[in-house]
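Just so you know, the sequences run in chain order S and U.
Those letters in the first sequence? Residues 1 to 394, by my numbering.
Those letters in the second sequence? Residues 395 to 747, by my numbering.
Every residue gets a Cβ at the ideal spot worked out from N, C-alpha and C, and that includes glycine.
Reading through the C-alpha cells given below for one structure.
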Amino acid sequence: MTEPTGNVPAVGGWAPGAVPGLVPAEIVVTEQSAAPAVNANADQVGEPAVVESVAASRGPLAMEAVGLNKVFKLGRGATLQAVRDVSFNLYQGAVIALVGESGSGKSTVAKLLAGQERPTSGQVIVDGKPIDVRNTRSFRAYKSHVQYVFQDPFSSLNPVHTVGYDLTRPVRLHQPGVKDVPAAVTALLEQVRLTPAAQFVVKYPHELSGGQRQRVSFARALAAQPTVLLADEPVSMLDVSIRLEMLNLLDDLRTRLSLALLYITHDIASARYFADEVLVMYGGQIVERGPAEDVTQHPAHPYTQLLIASAPDPDNLGSSLRAGNVVVGPGGAIAGKAGSVGPAHVGCPFSNRCPIADDKCRRDNPALQLLTPVRAAACWRLDVAASPVASGSI
Amino acid sequence: MAPILEIDDLSVAYRSEGGDVHAVEHVTLTLNAGEVVGLCGESGSGKSTLAYGATRLLRPPALITGGSVRYRGRRITQGGDPADILTMNHRELARIRWREVAIVFQSAMNALNPVLRVQDQILDAITAHLKLSKHEAREKAATLLDLVGIPRDRLRAFPHELSGGMRQRVMIAMALASDPEVVIMDEPTTALDVVVQRDILAQIVELKETLGFAVLFITHDLSLLLELADRIAVMYAGRLLETGAASALMREPAHPYTRGLLNSFPSLHGPRRELVGIPGTPPDLRDTLPGCPFIPRCSFAIPACTEVDMSLAPPAATPGAEPDRTGPITTGSHLTACPIVTPEEASQEGVLS
C-alpha cells in the first residue's frame, strides 16, 4: 500500500470534469511499480463467470479479447482505468453490440482490438495467437485483418481527396495482387450501394450527404478485405431516417462477407434489432451481457434498466417525460439528477447512482455472475434488481 | 391558449449561382403560450432555416422572400397589436432577441467560448440585454445555474471542465436569463447519450412548467417529439407536410413521409416490428418539381401527386375524397399536405411487411 503523495489530486475531492480533458472515471493513485494498488477494492471480487456467447452459432471464432485492462497515466502519478477485465469473443457473421454512455470505455475497447492502443494487461487473440502490432509491417498486416469505422463521417474523410483516391490507396496497400484497381474501387462502391459508381469516384466529401460519406467510410474499411469490422457509433451522427438504411447495409455486409462485427453504440434500441449479443459497459467494465432480445426485454443490472428507461419510447405517449417526472427503471434505478455523476471510485462503479446499492456494493466490486448459460450480470443485488429474470420470465 | 408566435406563409431562399435554393416555402406555424411544438425533419429540410428566418438571424445569401412573423409577447405588445418581426428595425429587434425570444443553438456543446470561464460568458449575455449592476448580474448568473441544477462553484469553471450535459445546461440557463416567452431549441440533445438526454429533456419540461415559456423544439428524432411535444410539425424539403397533436400523429400519421419516419426507429418495448425506413435521399432544393416534393420516395405516389398544391388541410376521410377545406382550422387541428392518401392507408402500410 502506498500513501498518496502531496501533489496529486485527492481521490475524494476530485469532481468529474475537474481535470482538463478527463472523462469522469475512476482515479487510482499509485506509485510506479507499487502493487497492490491503493484502490484494491476496485478489483472485482469473485471469479468472473464464463459466459457462452449466443453469437457462437453464427460462425467460427474471429477474435478473442481476454482479460483486457487499460490504465492511462495522467501524470503526477494519477492513473485512470478506462477498461477493466473485459473479455468477449467475436464470431464471423455475428454482431456483438457494445453499449454504454460516453466515457464508459467502449471506444477504448475498440482501440485495443484495433491495435491502436496496447492493453496494460490482457490479450487480443486472433487465430490462436496474441496479436502483434509492434512494428509498421506487422501493424499493417494486422489492419488487413481488422478494420475500424469511425463515428463522424464529416471528419473521418480528408476534404481534399476524392472518393476514388480514398479507396484506391487501401486497395493498392491491402490487395497488392489486384491489377485492375479502378474495377476494384467500383466493386467496393457497389458493395456499399453507391451507384452509379463512376459518379461517386470523382466526388469530394463536401459533395456528399452524411449517409453517403459514411458509406464511403464503410467501403474504405472493406477495401482491406477484413474479417473483423469495428464500427464505433457508425450511425449516431446520421439522421434517424438514414440510420435504418445504414444498419441494414451493415447487416447485409456481415452476412454476405461473413464479417465479425463489433457495433459500438449508446442506442440500446438499435442493438436490440441489429445485434446477436449485447455487452453493456459502465465505468470500464462489462456489467451485463447476453442475447440482445433478452437483455433489452428483461434487463437484470440496474444500469441496463436505467439505459432502457431513458431511451425515447414513442409507444408510451404522455409518458413520465411530459409529466416532468424522474425516470425510474423497473428495478428502481434513477437517472443522476445532475446528469454528470461519474462512476464510483471504490466498490461497484454504479453504486453511487444505484437506488438499491448497499454497503457491500460500495465496498466490493462484483464480478459477472451467470444468470443463464448465455447471460451474466455484475451486481451484488441481482435478487432485488433482476426479479423479472429470477422469476423465470425468460 | 393564446398564440404567441405566428409564422405566416414564410418563405426563405438562399441565393446561389446555380439558382435559388428554396429552403423554406410557404410555411405557416403557430406557437401558443406555454406550449411545446416539435419541428421535425431530416438534415437539409429547412427546419433550422425556418427558425432562424423567423427570428431574422439569417445573413445573405439567405433572403426572406415572403410572409410575416407576428410576435405577441405581453411585454412588447401590452395588449395591443402584435409586432411583425420581419419589418422591425435593428433597435426593435435588439429588444426582442434574447429578452423575448431566446435560442439554444445547435451543437450548443461547442457554442461556449473555450477560453472564457462560464461566469464571464453568462455575464456577457446578461449585461448585453439587461440593465443590472455588476453585483446583481453575478447573482443572476448564479441563480441561473441553480435553475438548471449546476452547483454555483462551477461558475469559475472553463467549458472543457464540464461534461457535455453540463455544457448543454449552461446554454439553456443562458437562454433563460431574461425570462423569455419563447425559447427555440435547435437539436439541443443530439450529441448527448440517452441517459443525459433524458435528464435534460425532463429539465426542460420542468422549467417550462415553472417559468411558462413556449418551446419550439427542432430535431430530426421524431421519437423524442412524440414523448415531449404537445404538437408536432413535420417538415420536408422546405415545406410542412403534416401538423397535429403528438398523439394524432402517432396513431394516425396522415402523410406517407410521417409514416416512414415512424417506421424508421427501432423500438425498445413491445414486440419487434419490421422496420421499413424511407428509401432514397432528400431532393435538391434548387430545382423544385411541381407538386409534392416527396414523390420520388413515396410508395403511394400517383400521377395526380404532381398537381398537389401543398396547402395543409384535414386528412381525407375516405380514399379519393376531396379534402374538407371548409371547416374551421384551429392551431390544434391535424392537417396534412397529402390529399391522396388517407391516414388509414398510410398506417396500414406501416403494419404490413
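Where residue i sits in the DSSP three-state scheme
i                 : result
ARG691 of chain U : helix
ALA367 of chain S : coil
GLU603 of chain U : helix
ARG491 of chain U : strand
PRO130 of chain S : strand
PHE200 of chain S : helix
ASP85 of chain S  : strand
GLY318 of chain S : Its pLDDT being 48, under 50, GLY318 of chain S is placed unreliably by the model, and the measurement read from it follows with that caveat. Coil.
ALA569 of chain U : helix
VAL702 of chain U : coil
ASP358 of chain S : coil
LEU506 of chain U : coil
ASP587 of chain U : coil
ILE734 of chain U : coil
THR79 of chain S  : strand
GLU419 of chain U : strand
VAL670 of chain U : coil
HIS729 of chain U : A small correction: the amino acid at residue 729 of chain U is Leu; His does not occupy that position in the sequence shown. Strand at LEU729 of chain U.
ILE497 of chain U : strand
LEU595 of chain U : helix
For residue i, the residue or residues it bridges with in DSSP
i                 : result
ILE96 of chain S  : S:LEU262 and S:GLU277
ARG625 of chain U : U:VAL431 and U:ALA639
ASN426 of chain U : U:PRO397
ASP580 of chain U : U:ILE612
ASP402 of chain U : U:SER462
ARG633 of chain U : U:TYR630
GLN44 of chain S  : S:ASN365
Boundaries of the alpha helix (DSSP H) in which residue i is found, first to last residue
i                 : result
ASN248 of chain S : 240–257
GLY654 of chain U : 650–656
ARG532 of chain U : 528–541
ARG140 of chain S : 136–143
ALA522 of chain U : 512–523
ALA223 of chain S : Counting along the chain, ALA223 of chain S falls outside any alpha helix (DSSP H), and DSSP gives it neither H nor E.
ALA385 of chain S : 382–385
LYS441 of chain U : 441–448
8 Å Cβ shell around residue i - same chain, five flanking residues per side excluded
i                 : result
PRO119 of chain S : LEU68, ASN69, LYS70, VAL83 and LEU112
GLU245 of chain S : GLY211
MET560 of chain U : ILE544 and ARG548
CYS405 of chain U : What sits at residue 405 of chain U in the sequence shown is Ser, not Cys. Same-chain partners within the cutoff: HIS416, VAL418, GLU419, HIS420, VAL421, ILE458, THR459, GLY460 and GLY461.
PRO454 of chain U : ARG409
Terminal residues of the beta strand (DSSP E) in which residue i lies
i                 : result
PHE72 of chain S  : 61–75
TYR148 of chain S : 146–149
GLU288 of chain S : 285–291
GLN123 of chain S : 121–126
SER53 of chain S  : Unbroken run through SER53 of chain S: none, as it is neither H nor E.
ARG464 of chain U : 456–465
LEU230 of chain S : 228–232
ARG406 of chain S : Since the first residue shown for chain S is 1 and the last is 394, residue 406 of chain S is missing from the structure and cannot be characterised.
Pair within 9 Å by beta-carbon distance, residue i and residue j
i                 : j                 : result
LEU517 of chain U : ARG493 of chain U : no
PRO709 of chain U : ARG691 of chain U : no
LEU444 of chain U : VAL430 of chain U : no
VAL126 of chain S : TYR142 of chain S : yes
LEU526 of chain U : ASP573 of chain U : no
ASN89 of chain S  : GLU64 of chain S  : yes
VAL735 of chain U : PHE694 of chain U : yes
PRO677 of chain U : LEU669 of chain U : no
ALA260 of chain S : LEU222 of chain S : no
GLY428 of chain U : ALA608 of chain U : yes
VAL576 of chain U : ILE398 of chain U : yes
Close Cβ partners of residue i (< 6 Å) along its chain, the five nearest in sequence each way excluded
i                 : result
THR730 of chain U : GLU636, ALA648, HIS649 and PRO709
ILE520 of chain U : ALA531, LYS534 and ALA571
THR583 of chain U : GLN591 and ILE594
ASP414 of chain U : ALA407
GLN92 of chain S  : GLY59, PRO60, ALA62, SER258 and ALA260
ALA357 of chain S : SER351
Own chain, CB closer than 7 Å to residue i, minus 5 neighbours either side, in chain order
i                 : result
GLY581 of chain U : The displayed chain sequence assigns Glu, not Gly, to residue 581 of chain U. Here the set comprises GLN500, ILE612 and THR613.
ALA269 of chain S : ALA311
ASP478 of chain U : SER462, VAL463 and ARG464
GLY164 of chain S : VAL185, VAL201 and VAL202
GLY412 of chain U : ARG680
heavy atom of the ligand MN below 8 Å from residue i C-beta
i                 : result
ARG220 of chain S : With respect to the ligand MN, the structure shown offers nothing to examine, as it has no ligands at all.
Partners in chain A for residue i, counting only beta-carbon separations shorter than 7 Å
i                 : result
PRO660 of chain U : No chain A is present in this structure, whose protein chains are S and U.
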